[in-house]
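Q: Chains as they are written, first to last, in UniProt numbering: chain A, 1 to 603; chain B, 1 to 217. All C-beta atoms in this analysis are idealised placements derived from N, C-alpha and C, irrespective of residue type, glycine included. Just so we're clear, the structure is a prediction, and the values are computed from it rather than from any experiment. Dropping the structure in here first, questions after.
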Amino acid sequence: MQDEIYASALFVLAGVWLFGAFHHGMLSRGRQVERSQQLFAVFCALMAGHLAVRAIGHHTLSYDALTGGWRAEVITAAMAFAVLPWFLVEFTNARPRWPRIALSLYVLIIALGVAGVPATGPLADGLAPWHAAEQPEAPLSAPTLLYTALLLGLVTAQLDGILACRRRYRSGTAGRHLAVGVALAVFTVGTLLELMRLLKLADTSPAFELSLLPALVLMSAAVGQDQRLNWMQALLDHVPAMITLKDRNRRYLLANKAFTDEYRLDTARLRGRTDRQLFPGQDLTTSHQADTDTFTKGDEVETEERVQSPDGIRFLRSRRFPVFDSNDHIWAYGCVSEDVTASRNADLEALELRQQLTHMERVTRLDAISASLAHELMQPLTATLSNAQAGLRLLEAHPLSMEPIREVLADIAADAKRASQIVRTLRDMTRHTPSPHEPDDLSEAVREVLDMLGAEMALKGVVCRRNLEPSCIATANKPQIQQVLLNLLLNAIHAVEQQPEGSRRVDVRAELDESGAVQVSVRDSGQGIPASEMHRLFTPFYSTKPEGMGIGLAVCRNIIEWQDGRIWAESNEPEPGTTFRFTLPAQESQFASQRAEGRGNRS
Amino acid sequence: MTNQATSEPRVYVVEDDDSVRRSLGRLLMANGYAVACHESAESMLTTLPKNSTGCALLDIGLPDMDGVQLQALLATHSPALAVIFLTGNGELGAAVNGMKHGAVDYLIKPASEETLLPVVREALRRSACTLARLAAEQRVCEAMARLTRRELEVLEHVVGGWLNKQIAADLGIAEKTVKVHRSRVMAKMRVRSVAELARQCQMLGIVGPHLPEEPPE
Numbered sequence: 001m002q003d004e005i006y007a008s009a010l011f012v013l014a015g016v017w018l019f020g021a022f023h024h025g026m027l028s029r030g031r032q033v034e035r036s037q038q039l040f041a042v043f044c045a046l047m048a049g050h051l052a053v054r055a056i057g058h059h060t061l062s063y064d065a066l067t068g069g070w071r072a073e074v075i076t077a078a079m080a081f082a083v084l085p086w087f088l089v090e091f092t093n094a095r096p097r098w099p100r101i102a103l104s105l106y107v108l109i110i111a112l113g114v115a116g117v118p119a120t121g122p123l124a125d126g127l128a129p130w131h132a133a134e135q136p137e138a139p140l141s142a143p144t145l146l147y148t149a150l151l152l153g154l155v156t157a158q159l160d161g162i163l164a165c166r167r168r169y170r171s172g173t174a175g176r177h178l179a180v181g182v183a184l185a186v187f188t189v190g191t192l193l194e195l196m197r198l199l200k201l202a203d204t205s206p207a208f209e210l211s212l213l214p215a216l217v218l219m220s221a222a223v224g225q226d227q228r229l230n231w232m233q234a235l236l237d238h239v240p241a242m243i244t245l246k247d248r249n250r251r252y253l254l255a256n257k258a259f260t261d262e263y264r265l266d267t268a269r270l271r272g273r274t275d276r277q278l279f280p281g282q283d284l285t286t287s288h289q290a291d292t293d294t295f296t297k298g299d300e301v302e303t304e305e306r307v308q309s310p311d312g313i314r315f316l317r318s319r320r321f322p323v324f325d326s327n328d329h330i331w332a333y334g335c336v337s338e339d340v341t342a343s344r345n346a347d348l349e350a351l352e353l354r355q356q357l358t359h360m361e362r363v364t365r366l367d368a369i370s371a372s373l374a375h376e377l378m379q380p381l382t383a384t385l386s387n388a389q390a391g392l393r394l395l396e397a398h399p400l401s402m403e404p405i406r407e408v409l410a411d412i413a414a415d416a417k418r419a420s421q422i423v424r425t426l427r428d429m430t431r432h433t434p435s436p437h438e439p440d441d442l443s444e445a446v447r448e449v450l451d452m453l454g455a456e457m458a459l460k461g462v463v464c465r466r467n468l469e470p471s472c473i474a475t476a477n478k479p480q481i482q483q484v485l486l487n488l489l490l491n492a493i494h495a496v497e498q499q500p501e502g503s504r505r506v507d508v509r510a511e512l513d514e515s516g517a518v519q520v521s522v523r524d525s526g527q528g529i530p531a532s533e534m535h536r537l538f539t540p541f542y543s544t545k546p547e548g549m550g551i552g553l554a555v556c557r558n559i560i561e562w563q564d565g566r567i568w569a570e571s572n573e574p575e576p577g578t579t580f581r582f583t584l585p586a587q588e589s590q591f592a593s594q595r596a597e598g599r600g601n602r603s
Numbered sequence: 001m002t003n004q005a006t007s008e009p010r011v012y013v014v015e016d017d018d019s020v021r022r023s024l025g026r027l028l029m030a031n032g033y034a035v036a037c038h039e040s041a042e043s044m045l046t047t048l049p050k051n052s053t054g055c056a057l058l059d060i061g062l063p064d065m066d067g068v069q070l071q072a073l074l075a076t077h078s079p080a081l082a083v084i085f086l087t088g089n090g091e092l093g094a095a096v097n098g099m100k101h102g103a104v105d106y107l108i109k110p111a112s113e114e115t116l117l118p119v120v121r122e123a124l125r126r127s128a129c130t131l132a133r134l135a136a137e138q139r140v141c142e143a144m145a146r147l148t149r150r151e152l153e154v155l156e157h158v159v160g161g162w163l164n165k166q167i168a169a170d171l172g173i174a175e176k177t178v179k180v181h182r183s184r185v186m187a188k189m190r191v192r193s194v195a196e197l198a199r200q201c202q203m204l205g206i207v208g209p210h211l212p213e214e215p216p217e
């Protein structure tokens, strides 16, 4: 009865191995399959055959019919074991080949030896040595010795394979060698137990057969997985962009050659690790933020990052995208990064050039203005001076006549007015270009300024988070508001510049506040401004910067107040830094319609 | 044709800015000068009598004409008129150009009384000098016009430093005749000495013929 169960189990086992054989290449004609996999499939098939023969041998019904079945068992086993070294040589690429091939020949020679042993006669005394239970006092016969030699050869091949796998794993090529190594170790233990049973040291009857199962699973897992990734890896390695795939826990699943080369990483060490482990001590705020965004939104996220690679500072344009499984759940996400350092540098140069040009332009404009201003102002000043001095002379005259003096004074007054008018016009021209106030999306205005400063911030290692609500529509003069924003942002960048890299943050928000006004805030993580200085911030000619003129914030306040807005600053206590905020009245109709909508929703 | 001054010396202010023009005129008047004001070059050229004397205070940038161009026109119109330029800040080049063409000075706006008045005084003095020089030249020319051809020849030789003997030899006449011509010339030119005669001739640019290399003893 026990034998029957045993035989059935062996049949099942044989079936599993047969499946393995089909899975790994028997069915793969026409597909391009790796040689190691083909050999593994052959090995599986032979093992299945061996197990089948063995199962038949154990079956009580067929046992008598197949008295000489042990020979078939040994021969099939020998054939399967002859393939194993070949497979291992291919799989681990172990060198030299000839000792391993010799090993398989050795196993085949033993098989021939077994075939040559007569079925009856003195030599057949120890027939079917593994049925030890039925022939307890059988001595060490020739078949036993041959089988022992066979198993010893197998153990040698296994140990060699384990060592080769260990070497490969140590040199960091792939984790799959570890799996095959472990499988071989299990297999070896099973084989050793079988050997012990054979030499009648202990009764370990199902150990060998049982050890085969985990061996199969581990081996096929390792061989198959590698096959799936191989062609894809080869493709990815030839793409110039950096490509990575991470799982939900931000562990790397794969990365292409461009990526590993850029960061001088080891492909084998990359898998299963996170950014923190791979790039210790680096500021990963931007990429982490982008990772989180990809997961939460389940949508593509495009970012520009400034990273420290062994070759220096690099600018990457990265696109992160979720990868869905068949149930539409995100199981991983990919990232394709392009190195845009060169074009970014060109952009920065262009920006610098543009800044210089703007500056030049401003200087020339100022120069032009001052020349014409000087000329314009000199006329009334000349007249005033001459008039005043003429008046003095007239006062000395005798008899004193009042009428000319009255004329002189009237002229002086008129010229003084003229001079002040000139100055006023100039101020209007330079600061307050009259242009219509139109309803404008402030978020859009903010975005434009941020885009303009993106390069500047990246260059200075400033991480900028923006939170711009749509439909922040206010009636305002857009260029002037942008001038204010530019001023605030440049101040913020200046404030965080001195901070260590990684804590240079500027947060920009645009939203509607409780009163329905549009509020824009610029928050920096800089040193902050002492409370005693806070109230003087917007005073003209007050500056915290040694090279500052103290004009910027005063102008900002003027602009905002001209547009019926309010601007103020507050400390980020207890966090470091300062937040500048300004509000502008929202467009009337928009606010009204929003309120109407709110009412509609409530009712 | 008479070269006498047709009017008393005046200060002519040519400036397009009403206020500046009026104030300058007022200041000069208060200091006792006779002042005439013009708002453009054209108005000045049309109203100014020929051969006026005095000084012209010209703004460099006039609406119808460059100050330096006006200066050139005035030089033929009224040679005795001294020119002063008034400039703004950025017109120094034009002012320097004007100086090259004989302007007395240039004033940078705003010009105060302390800088303006000395310059005007100097310009009027120079104008008076020019006038005197022109009058003297006029007189000499008129006197010279009364000389005969022979007398003129003798005059040139005398001014050139020739001795009577040499003149006689050169012109092929008797030494005595030379002496007669010589005294006539002195009388017509209303001079008492050869030195005085030489000075008057130099004023008109008359230089006698060169002395012979080895004058005969």
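Helix, strand or coil for B:M65? Go by DSSP, reduced to three states.
A: On the second sequence, residue 65 of chain B is found 65 positions in, with the first residue counted as 1. B:M65: coil per DSSP, three-state reduction.
Q: Name, please, each residue of chain A whose Cβ falls closer than 7 Å to the Cβ of B:V20.
A: Locating residue 20 of chain B in the second sequence gives position 20, counting from the first residue. Residues of chain A passing the Cβ test: Q379, T382, A383.
Q: Quick one, are the C-beta atoms of B:V159 and B:L197 less than 9 Å apart?
A: Your numbering for residue 159 of chain B matches position 159 in the second sequence. Your numbering for residue 197 of chain B matches position 197 in the second sequence. It is a contact, given that the beta carbons lie within the stated cut-off.
Q: Figure out for me which residue from B:L24, B:W162, B:P9, B:V14 has the closest Cα to the Cα of B:L117.
A: For the purposes of this step, residue 117 of chain B is taken as the residue at position 117 of the second sequence. The shortest C-alpha separation from B:L117 is found at B:L24.
Q: Comparing the C-beta of A:H375 with each C-beta of chain B, is any distance below 9 Å?
A: Along the first sequence, read from residue 1 onward, the residue named residue 375 of chain A stands at position 375. True, the Cβ-Cβ gap to chain B drops below 9 Å.
Q: DSSP puts A:A474 in a beta bridge; with which residues?
A: As a first step, residue 474 of chain A must be located in the first sequence, where it is residue number 474. A:A474 pairs with A:D440, A:A586.
Q: For a contact defined as C-beta to C-beta under 7 Å, what are the partners of B:N97 on chain A?
A: Translated into the one-based positions of the second sequence, residue 97 of chain B becomes position 97. Neighbours of B:N97 on chain A: none; closest Cβ ~18 Å, over 7 Å.
Q: Per the DSSP calculation, A:Y333 is bridged to which residue(s)?
A: Here the question's residue 333 of chain A lines up with position 333 in the first sequence. A:Y333 is bridged to A:K246, A:P322.
Q: Would you decide whether B:W162 is buried or exposed? Buried here means 16 or more other CB atoms lie within 10 Å of its CB.
A: The residue you call residue 162 of chain B lines up with position 162 of the second sequence. Classification for B:W162: buried.
Q: Helix, strand or coil for B:Y33 per DSSP?
A: Here residue 33 of chain B corresponds to residue number 33 of the second sequence, with the count starting at 1. Looking at B:Y33 - three-state DSSP - the assignment turns out to be coil, as it is neither helix nor strand.
Q: Check whether the segment 455-469 of chain A and the segment 438-446 of chain A are in contact - that is, three or more C-beta pairs closer than 8 Å.
A: Verdict: yes, contact present.
Q: Go ahead and label A:S8 buried or exposed: buried means 16 or more other beta carbons lie within 10 angstroms of its beta carbon, across all protein chains shown.
A: Translated into the one-based positions of the first sequence, residue 8 of chain A becomes position 8. Flag for A:S8 reads exposed.
Q: In the DSSP assignment, what are the bridge partners of A:V42?
A: Residue mapping note: residue 42 of chain A aligns to position 42 of the first sequence, counting from 1. A:V42 pairs with nothing; no bridge assigned.
Q: Taking the alpha-carbon positions, what's the A:G272 to A:K246 distance?
A: Indexing the first sequence from 1 puts residue 272 of chain A at position 272. Indexing the first sequence from 1 puts residue 246 of chain A at position 246. Between A:G272 and A:K246, the C-alpha separation is close to 9 Å.
Q: Quickly, what does DSSP pair A:A510 with across the bridge? List them, please.
A: Walking along the first sequence from the start, residue 510 of chain A turns up at place 510. According to DSSP, A:A510 bridges with A:L468, A:V520.
Q: Taking the continuous alpha helix (DSSP H) assigned at A:A202, which residues delimit it?
A: Within the first sequence, residue 202 of chain A is the residue found at index 202, counting from 1. Neither: A:A202 is in no alpha helix (DSSP H) and is coded neither H nor E.
Q: Are there 16 or more other CB atoms within 10 angstroms of the CB of A:L395, so buried, or fewer, so exposed?
A: Position 395 of the first sequence, counted from the first residue, corresponds to residue 395 of chain A. So A:L395 ends up on the exposed side.
Q: Per the contact definition of three or more C-beta pairs closer than 8 Å, is the segment 318-333 of chain A in contact with the segment 293-307 of chain A?
A: Cβ pair count under 8 Å is three or more, so yes.
Q: Return the CA-CA distance between A:M402 and A:L409, expressed in angstroms with no decimal places.
A: The residue you call residue 402 of chain A lines up with position 402 of the first sequence. The residue you call residue 409 of chain A lines up with position 409 of the first sequence. Going from the Cα of A:M402 to the Cα of A:L409 covers about 11 Å.
Q: For B:A30 and chain A, any beta-carbon pair shorter than 9 Å?
A: Position 30 of the second sequence, counting from 1, holds the residue named residue 30 of chain B. It does: the Cβ of B:A30 has a partner Cβ on chain A nearer than 9 Å.
Q: Using a Cβ cut-off of 8 Å, pull out every chain A residue sitting near B:L81, in sequence order please.
A: Residue 81 of chain B sits at position 81 when you count from the first residue of the second sequence. What B:L81 touches in chain A: nothing, since even the nearest Cβ is about 22 Å away.
Q: Using a Cβ-Cβ cutoff of 7 Å, what residues of the segment 46-65 of chain B are near chain A? List them in chain order.
A: For the segment 46-65 of chain B, which is checked against every Cβ of chain A, not one residue is closer than 7 Å.
Q: Determine the chain A residues that contact B:G67 at a beta-carbon separation under 9 Å, and present them in chain order.
A: For the purposes of this step, residue 67 of chain B is identified with residue 67 of the second sequence, where counting begins at 1. In chain order: nothing, as chain A lies at least about 15 Å away.
Q: Give the secondary structure of A:S62 by DSSP, where H, G and I count as helix, E and B as strand, and everything else as coil.
A: Locating residue 62 of chain A in the first sequence gives position 62, counting from the first residue. For A:S62, the predicted model reports a pLDDT of 48, less than 50, meaning its position is unreliable and no value from the coordinates is stated.
Q: Could you spell out the range, first to last residue, of the beta strand (DSSP E) harbouring A:I567?
A: Position 567 of the first sequence, counted from the first residue, corresponds to residue 567 of chain A. That run of the beta strand (DSSP E) goes 566-571.
Q: Between the beta-carbon of A:D524 and the beta-carbon of A:G565, is there less than 9 Å?
A: Your numbering for residue 524 of chain A matches position 524 in the first sequence. Your numbering for residue 565 of chain A matches position 565 in the first sequence. Their beta carbons are not under 9 Å apart, which means A:D524 does not touch A:G565 by this criterion.
Q: In its own chain, which residues sit with a C-beta less than 8 Å from the C-beta of B:R190, not counting the 5 before and 5 after it?
A: Counting from 1 along the second sequence, the entry for residue 190 of chain B is found at position 190. Closer than 8 Å at the Cβ level, and outside the excluded window around B:R190, lie A143.
Q: For residue 627 of chain A, which of A:L450, A:F208, A:G461, A:H177 has the nearest alpha-carbon?
A: As shown, chain A starts at 1 and ends at 603. That puts residue 627 of chain A outside it, with no answer to give.
Q: Would you mind giving the Cβ-Cβ distance between A:A55 and A:A21, rounded to the nearest angstrom? I have them listed as a contact below 8 Å.
A: The sequence position of residue 55 of chain A within the first sequence is 55, counting from 1. The sequence position of residue 21 of chain A within the first sequence is 21, counting from 1. Their Cβ separation, rounded to whole angstroms, is 16 Å, which puts A:A55 and A:A21 out of contact at 8 Å.
Q: Between the segment 488-500 of chain A and the segment 335-344 of chain A, do at least 3 Cβ pairs fall closer than 8 Å?
A: The segment 488-500 of chain A vs the segment 335-344 of chain A: no contact.
Q: Put A:F580 into one of helix, strand or coil per three-state DSSP.
A: Numbered from 1 along the first sequence, position 580 holds the residue referred to as residue 580 of chain A. If DSSP states are grouped into helix, strand and coil, A:F580 belongs with the strands.
Q: Buried or exposed for A:W331, going by 16 or more other Cβ atoms inside 10 Å?
A: As a working mapping, residue 331 of chain A is identified with position 331 in the first sequence. By the neighbour-count rule (16 or more Cβ atoms within 10 Å), A:W331 is not buried but exposed.
Q: Check whether the Cβ atoms of A:L584 and A:V518 lie closer than 9 Å to each other.
A: Residue 584 of chain A sits at position 584 when you count from the first residue of the first sequence. Residue 518 of chain A sits at position 518 when you count from the first residue of the first sequence. Closer than 9 Å, so yes.
Q: Leaving out five residues on either side along the sequence, give the residues of the same chain with a beta carbon under 7 Å from the beta carbon of A:D64.
A: Here the question's residue 64 of chain A lines up with position 64 in the first sequence. In this predicted model, A:D64 has a pLDDT of only 44, less than 50, meaning its place in the structure is not dependable enough to derive any value.
Q: If you measure between the beta carbons of A:R35 and A:E90, is that distance less than 9 Å?
A: Here residue 35 of chain A refers to the residue found at position 35 when the first sequence is read from its first residue. Here residue 90 of chain A refers to the residue found at position 90 when the first sequence is read from its first residue. Their beta carbons are under 9 Å apart, which means A:R35 touches A:E90 by this criterion.
Q: Out of A:L18, A:M378, A:A241, A:S104, which one is the CA nearest neighbour of A:S220?
A: Locating residue 220 of chain A in the first sequence gives position 220, counting from the first residue. Out of A:L18, A:M378, A:A241, A:S104, A:L18 has the C-alpha closest to the C-alpha of A:S220.
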